[in-house]
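*Asks:* Respectively, the protein sequence lines represent chains A and B.
For the first sequence, the UniProt record's numbering gives the first residue as 1, with consecutive numbering after it.
For the second sequence, the UniProt record's numbering gives the first residue as 1, with consecutive numbering after it.
Have a look at this one.
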Amino acid sequence: RYCCSPATITVLHAFVFVSCQTAFVVDEVSTIIKESVEGAIGGNAYQHSRVNQWTTNVVEQSLSQLSKLGKPFKYIVTCVIMQKNGAGLQTASSCFWDNTTDGSCTVRWENKSMYCIVSVFGLAI
Amino acid sequence: MYLKRPTAVQPLQLLTWDTCYFHYLVPTPMSPSSQSVSTTSDAGSQESVDGGTVGRTLQWDTDPSALQLQADSELGRRMHRLGASKIVQIDFVPKELVTYTKETQTPSAAHQSEEEEEDEESSELKASPQTDQPEEEGEAEDSKEAHPRELTEEEREQILHSEDFLVFFERSVSVVERALAEEGDIFFDYSGRDLEDKEGDMQGGSNLSFNRVFHDDHWSKHRVVTCLDWSPQYPELMVASYNSNEDAPHEPDGIALVWNMKFKKTTPEYTFHCQSSVMSVGQIVLWDNRSHRRTPVQRTPLSAAAHTHPVYCVNVVGTQNANNLITVSTDGKMCSWSLDMLSQPQESMELVYNKSKPVAVTGMAFPAGDVNNYVVGSEEGMVYSASRHGSKAGIAEMFEGHQGPVTGISCHNAVGTVDFSHLFITSSFDWTVKLWSIKHNKPLYSFEDNADYVYDVSWSPVHPALFASVDGMGRLDLWNLNNDTEVPTASVTIEGACALNRVRWASGGREVAVGDSEGRVWIYDVGELAVPHPEDWSHFARTLVEIRANRGDGEEEGAVELPA
């Protein structure tokens with residue numbers, strides 16, 4: 001029932017491809033994050049002298065992998081490493097953006113001595 | 001890198017990073033006609049379900065110039081599409097640290113006026129039904145001045161369940177209960193004008209008169225009173241420990257209740273629970289009255305280093321500051337504990353007589369002022385003297401005399417002109433009470449007035465010749481040895497009691513607490529009999545001489561004079 005000319009159909013397909021290609025795909029991003037974290041601190045115990053380096057590594061690695069996806073996105077990556085000491089931690093975040101194209105992904109990783117929380121925000125350009 | 005490459009599409013090269021993807025497909029729509037389309041297309045792009053307007057709202061119009069797509073470069077339209085995302089939260093729960101601090105700090109009163117209001121309100125209560133509280137709080141709120149903020153239901157619940165409130169409420173309920181139970185006028189004028197009337201309170205005359213009975217229907221029913229003690233600091237407080245309640249197996253096995261003598265309340269001041277029967281299974285538990293908890297604050301481990309048999313006697317020896325807890329169990333083990341650290345005993349010792357048999361201890365007593373030497377009674381009917389430290393640490397001497405297990409043992413502790421601290425008395429299942437001196441291994445005297453097991457015996461803390469004994473027929477006897485050694489000077493049979501388990505004098509020596517096998521604690525006032533006179537001491541010394549003289553005529557020659 002659509003009164004579409006062939007030209008519009010082509011456009012329609014293009015649109016669909018575009019939306020797949022330029023949407024924020026949470027699973028994909030989450031995989032990238034997990035691998036970055038695992039690579040940087042997997043198997044290590046919390047050491048104050050090395051934590052700085054770890055957070056930097058996680059962020060850099062995640063960002064380079066994300067940019068290699070080639071999507072038209074601005075990315076913001078944050079990484080928090082907290083020693084397991086019995087303290088509690090509460091955070092919250094929210095965004096005002098285009099809900100259809102932009103997205104975020106938060107990965108919580110832990111081992112016996114520390115928690116690592118990485119958040120990625122992708123904003124469609 | 002082992003990233004999963006999306007096998008879908010290669011990015012279309014035609015589509016670039018330009019903000020408006022279809023810029024060259026569609027002229028920038030500025031015409032008014034497109035304006036109208038845009039609004040409807042906005043509606044359409046939200047996946048509208050109104051299919052009726054399909055033709056109108058569809059973006060893909062035949063006229064490409066009117067194509068309106070999401071990737072739109074107009075800032076204004078883009079702003080309309082922005083919305084808030086969901087809130088992402090992280091929550092790591094803190095690990096709860098269990099600590100025990102010994103010092104207490106009185107909390108500063110937060111809402112003074114509110115508390116006073118609530119106190120008045122709560123005087124309407126008999127017990128503390130939880131349902132009344134919301135209304136009470138509401139009334140208290142209303143009666144305050146100047147537009148109090150009505151607490152919402154949630155806030156009320158929160159306050160009602162907050163710990164501070166519960167603590168305060170319990171405390172004020174006690175205070176108010178006391179006031180209610182007193183026969184006197186709670187609005188009594190304490191300015192002192194009516195003091196003369198107070199004199200008439202004295203009992204005068206009667207030797208042993210019933211004062212009151214402590215019995216809590218809930219907690220002490222069907223429980224056997226296993227131990228009693230008076231508080232040294234607050235002479236009107238008394239603690240009683242109870243055995244397990246056969247009727248209610250899911251209640252805590254052992255409880256201890258603190259009763260207040262001064263006020264005529266019928267409920268205990270404090271209640272403490274314990275897992276195992278208090279006085280059984282070899283664990284020592286310590287409750288702290290200050291911490292407002294009903295479960296023990298510290299407990300000793302059930303380990304081989306500590307006791308593995310029922311702990312039958314507990315004594316605190318020493319001064320207020322440097323004290324030790326001494327416990328003895330039926331397997332003959334004596335442990336000394338520091339109250340700061342109950343995880344293991346400071347020292348422990350096996351009480352073995354003649355290096356062979358461990359002594360199954362049923363009672364232990366320290367002479368007044370002595371922290372090293374003590375006497376213990378055993379299940380076989382022997383009494384032993386022992387010391388904690390020194391060259392002869394352990395069992396020293398054996399005192400024979402009883403024919404049945406020794407149930408109670410008490411050392412003389414009235415302080416006066418003559419020192420009688422070498423004397424102690426024992427009670428036993430053999431229906432007798434015997435008087436001993438540390439210096440002789442045979443009894444000085446045997447009191448044979450009872451017709452049943454004598455369960456406990458206790459010297460008066462003030463009168464040198466007075467002691468109390470209780471037996472299995474519900475009889476409480478007071479013996480004044482200056483008066484008569486054949487029969488008790490005063491005796492009363494408690495009606496309604498079956499067997500009396502424990503007897504303890506109050507620290508002032510004017511009252512006696514008796515515990516029975518039904519969970520009741522009876523308090524008796526001892527009249528003039530209990531008041532010592534200065535000549536009582538020398539009188540008692542003469543009585544002792546007489547006793548020894550009598551015993552010496554035709555008694556067992558095996559009596560050995562023991563080195564002190």
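We put the beta carbon where it would ideally sit given N, CA and C, even for glycine.
Keep in mind it's a predicted model, so treat the numbers as computed, not measured.
#1: Would DSSP call residue 132(B) helix, strand or coil?
#2: Who are the Cβ neighbours of residue 99(A) in its own chain at under 8 angstroms, not counting the five residues just before and after it?
#3: Who are the Cβ neighbours of residue 461(B) in its own chain at under 7 angstroms, not counting the five residues just before and after it?
#4: In the DSSP assignment, the alpha helix (DSSP H) including residue 54(A) goes from what residue to what residue?
#5: Among 490(B), 491(B), 548(B) and 465(B), which residue has its Cα nearest to the Cα of residue 533(B)?
#6: How far does the alpha helix (DSSP H) with residue 157(B) in it extend, from its first residue to its last?
#7: Indicate whether the contact test is met: 3 or more Cβ pairs, each with one atom in the region 435 to 452 of chain B and one in the region 510 to 530 of chain B, closer than 8 angstroms.
#8: Work out the CA separation of residue 69(A) and residue 80(B) for me, nearest whole Å.
#9: For the pair the region 57 to 71 of chain A and the region 89 to 98 of chain A, tell me if three or more CB-CB distances fall below 8 angstroms.
#10: Between which two residues does the beta strand (DSSP E) containing residue 340(B) stretch?
#11: Is it true that the CB of residue 33(A) sits closer than 8 angstroms to the CB of residue 129(A)?
#12: From 378(B), 527(B) and 394(B), pick the residue whose C-alpha is nearest to that of residue 372(B); which is it?
#13: Specify, as a first and last residue, the run of the alpha helix (DSSP H) that residue 110(A) falls within.
#14: Residue ranges of each beta strand (DSSP E) run of no fewer than 3 residues wholly in the region 344 to 398 of chain B, ordered along the chain?
#15: If we cut at 8 angstroms on Cβ distances, does residue 90(A) have a partner in chain B?
#16: Between 324(B), 410(B), 380(B) and 378(B), which has its C-alpha nearest residue 366(B)'s C-alpha?
#17: Going by DSSP, name the residue or residues bridged to residue 106(B).
#18: Using a C-beta to C-beta distance shorter than 7 angstroms, which residues of chain A count as neighbours of residue 160(B)?
#19: Checking the sheet assignment: what are the DSSP bridge partners for residue 87(B)?
#20: Near residue 84(A), what residues of its chain come up, given a Cβ to Cβ distance below 6 angstroms and the 5 sequence neighbours on each side ignored?
#21: Within 10 angstroms of the Cβ of residue 402(B), are there 16 or more other Cβ atoms? Answer buried if so, exposed if not.
#22: Anything in chain B within Cβ reach of residue 95(A), meaning under 8 angstroms, just list it in chain order.
#23: Are residue 489(B) and residue 478(B) touching if we call contact CB-CB under 8 angstroms?
#24: Anyone know if the C-beta pair for residue 328(B) and residue 522(B) falls short of 8 angstroms?
#25: At the level of alpha carbons, what is the spacing between residue 457(B) and residue 94(B)?
#26: According to the Cβ coordinates, are residue 430(B) and residue 452(B) closer than 8 angstroms?
#27: Would you mind sorting residue 60(B) into buried or exposed? The rule is 16 or more other CB atoms within 10 Å of its CB.
#28: Less than 7 angstroms between C-beta atoms, sequence neighbours within five positions excluded: which residues of the same chain meet that for residue 123(B)?
#29: DSSP three-state call for residue 431(B): helix, strand or coil?
#30: Would you tell me roughly how many angstroms separate the C-alpha atoms of residue 86(A) and residue 92(B), rounded to the nearest one?
#31: Does the CB of residue 29(B) have a neighbour CB from chain A at under 8 angstroms?
#32: Quick one: list the residues of chain B neighbouring residue 99(A), beta-carbon separation under 7 angstroms, in chain order.
#33: Return no unless some Cβ of chain B is closer than 8 angstroms to the Cβ of residue 104(A).
#34: For residue 47(A), tell me which candidate among 118(A), 81(A) and 102(A) has the shortest Cα-Cα distance.
#35: Got a sec, what are the start and stop residues for the beta strand (DSSP E) residue 86(A) sits in?
#36: Tell me, please, whether the CB atom of residue 91(B) is closer than 8 angstroms to any CB atom in chain A?
*Replies:* If we stick to the structure as given:
#1: At residue 132(B), the pLDDT of 45 sits below 50, so the modelled position is not reliable; the number obtained from the coordinates is stated separately. It is helical.
#2: Non-local beta-carbon contacts of residue 99(A) in its own chain, meaning distances under 8 angstroms to residues more than five positions away in sequence, are absent.
#3: 413, 414, 505, 507 and 509
#4: 48 to 68
#5: 465(B)
#6: 153 to 161
#7: no
#8: 28 angstroms
#9: no
#10: That residue, residue 340(B), is in no beta strand (DSSP E); it is neither H nor E in DSSP.
#11: In this structure chain A extends from 1 to 125, so residue 129(A) is not present and cannot be described.
#12: Restricting attention to 378(B), 527(B) and 394(B), the CA atom closest to the CA of residue 372(B) is found in 394(B).
#13: Run containing residue 110(A): none in the alpha helix (DSSP H); it sits in the beta strand (DSSP E), 103 to 110.
#14: 347 to 350, 361 to 365, 373 to 378 and 383 to 387
#15: yes
#16: 410(B)
#17: Partner(s): none; residue 106(B) has no beta bridge.
#18: The contacting residues do not exist; residue 160(B) stays about 25 angstroms from chain A at best.
#19: Its beta-bridge partners do not exist; DSSP assigns none.
#20: 113 and 114
#21: buried
#22: Contacts between residue 95(A) and chain B, judged by CB atoms closer than 8 angstroms, involve 84 and 85 in chain order.
#23: yes
#24: no
#25: 54 angstroms
#26: no
#27: Confidence is the limiting factor: at residue 60(B) the pLDDT is only 47, short of 50, which leaves the residue's position unreliable, though a coordinate-based value still follows. Classification for residue 60(B): buried.
#28: Annotation note: pLDDT 46 at residue 123(B) (below 50); position unreliable, coordinate value reported separately. Result list for residue 123(B): 176, in chain order.
#29: coil
#30: If I take the Cα positions, the gap works out to 9 angstroms.
#31: Low local confidence applies: a pLDDT of 46 at residue 29(B) is under 50, so the model's placement there is unreliable, with the coordinate-based value given in what follows. No, residue 29(B) lies away from the interface with chain A (no Cβ there is under 8 angstroms from its Cβ).
#32: 83 and 85
#33: yes
#34: 81(A)
#35: Looking at the DSSP string, residue 86(A) is not in any beta strand (DSSP E), and its letter there is neither H nor E.
#36: Under the Cβ distance rule, residue 91(B) counts among the residues neighbouring chain A, one pair being separated by less than 8 angstroms.
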